[in-house]
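The next block holds one structure in the form of C-alpha cells; read it before the comments.
2 protein chains.
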Amino acid sequence: MIGANIKRGSSELAVLSVLEAGPLHGYEIARRIERNTRGALRFTLASLYPLLYRMESRGWLKAAWSETGDARARRCYRLTAAGRKKLAPLRKEWNDLFRALARLAEAHHA
Amino acid sequence: MIGANIKRGSSELAVLSVLEAGPLHGYEIARRIERNTRGALRFTLASLYPLLYRMESRGWLKAAWSETGDARARRCYRLTAAGRKKLAPLRKEWNDLFRALARLAEAHHA
DNA sequence: TGCCTATATATAGCGTCCCTATATAGTGGT
DNA sequence: ACCACTATATAGGGACGCTATATATAGGCA
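Those sequence lines, one after another, are chains P and B.
Taking my numbering, the leading residue of the first sequence gets 20, the next gets one more, and so forth.
Taking my numbering, the leading residue of the second sequence gets 20, the next gets one more, and so forth.
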C-alpha cells in the first residue's frame with residue numbers, strides 16, 4: 020500500500036478517473052480504485068465520503084439517490100461537465116510532478 | 020507551478036534527492052530544487068525550514084553550522100546513512116503511485 | 001551615505017486532506 | 001439467530017504546505 024503522505028491529493032484524480040467510465044455509487048468507487056490499481060491505491064470509506072462531498076460542492080460531481088427501486092439506499096455519483104473538464108489539467112499537473120521528481124533523481128548522476 | 024495539494028509529500032523526496040549529490044545549506048537546497056525542475060517544484064522558505072527540522076528529527080539529515088569562517092551564518096545539511104537508505108523505497112512508492120494513477124486512466128479506455 | 005535587492009534563518013497561524021474510530025442499517029448465507 | 005458483507009455518515013486528530021511576518025548580513029548603485 021502506498022503511504023498516506025505520498026498519495027496525498029491523488030484521491031481526487033482517482034475518483035474522477037473511475038467515474039470517467041460512468042456513474043457509480045460510493046462503495047463501488049472505492050472497490051474499483053482498489054481493483055484497478057491492484058491494491059496500490061486503497062482508501063477507507065471514511066476518507067471517501069468526505070472527499071465525495073467536497074468534490075460535489077465544487078461542482079465536479081453530481082449525486083443522486085438511486086431511483087431504480089433498489090432495495091438498498093445508494094447515492095449514485097456522476098461526473099459533471101466541470102468535473103470532466105478538470106481531468107486533463109489535473110493529469111498534466113501530476114505528470115509534471117513526476118517529471119520534476121525524475122529530473123531531481125537524474126541530476127546528481129549527470 | 021504545481022499546486023500545493025498535488026505536490027503534498029513530495030518535498031521530502033525532493034530534499035533527499037538534491038542532498039544525494041552532497042551537503043547544502045537551506046537556501047541553496049530551495050534554489051537547486053527550483054532550478055533542477057525548471058521551476059515546476061518550488062516551495063517557499065517558510066515551508067522548507069520546518070521540513071528540514073522534521074527530517075532532521077527523524078534522523079534523515081544532519082545539520083551543522085558552517086565552520087569555515089563564513090561571513091554568513093549557515094546551517095549545512097547532509098544526508099545521514101538512514102536518509103540515504105530512505106531514498107530508494109521512497110522513489111519506489113512514488114513510482115507505484117504514478118503507475119496506479121496511469122492504470123486508472125487507462126482502465127476506462129479498455 | 002542611503003536605499004534596494006539578494007541572501008539566510010526562523011516562527012505563528014491557517015486551511016486542507018487523509019487517517020482512525022465510531023455509528024447506523026439493510027442483505028444474504030448458514 | 002448470528003455473522004459477514006454492503007452502504008452511508010460524522011467526529012476528532014495529525015501531518016503538511018501555505019501566507020505573513022521578523023530578523024539580519026552582503027553587495028550594488030546612486
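No residue lacks a Cβ here, since even glycine has one placed at the ideal position from N, Cα and C.
Being a predicted model, the structure only gives us computed values, none of them experimental.
Not a single C-beta of chain P is nearer than 8 Å to the C-beta of B:W84. Cβ-Cβ distances below 7 Å link B:A92 to W84 in the same chain, with the five nearest sequence neighbours on each side left out; the list follows chain order. For B:W79, no beta strand (DSSP E) segment is defined, and its DSSP state is neither H nor E. Just so you know, the alpha carbons of B:E53 and B:R61 end up roughly 5 Å apart. Sequence-ordered contacts of the stretch 22-38 of chain P with chain B read G22, N24, I25, K26, R27, G28, S29, L32, A33, S36 and V37 [C-beta pairs closer than 7 Å]. A59 and L60: these are the residues of the stretch 57-69 of chain P whose beta carbon lies less than 7 Å from some beta carbon of chain B, given in chain order. Looking only at P:R118, P:S30 and P:A124, the smallest Cα-Cα distance to P:L70 is reached by P:S30. Across the set P:L64, P:E47 and P:L32, the C-alpha of P:L32 shows the shortest separation from the C-alpha of P:M74. By the beta-carbon neighbour count (other beta carbons within 10 angstroms, threshold 16), P:T56 is buried. As DSSP reads the structure, P:R97 sits in a beta bridge with P:K81. If you look at B:L32, you'll find it in the alpha helix (DSSP H) that goes S29 to E39. Classified as exposed, P:R77 has fewer than 16 neighbouring CB atoms from the shown chains inside 10 Å of its CB.
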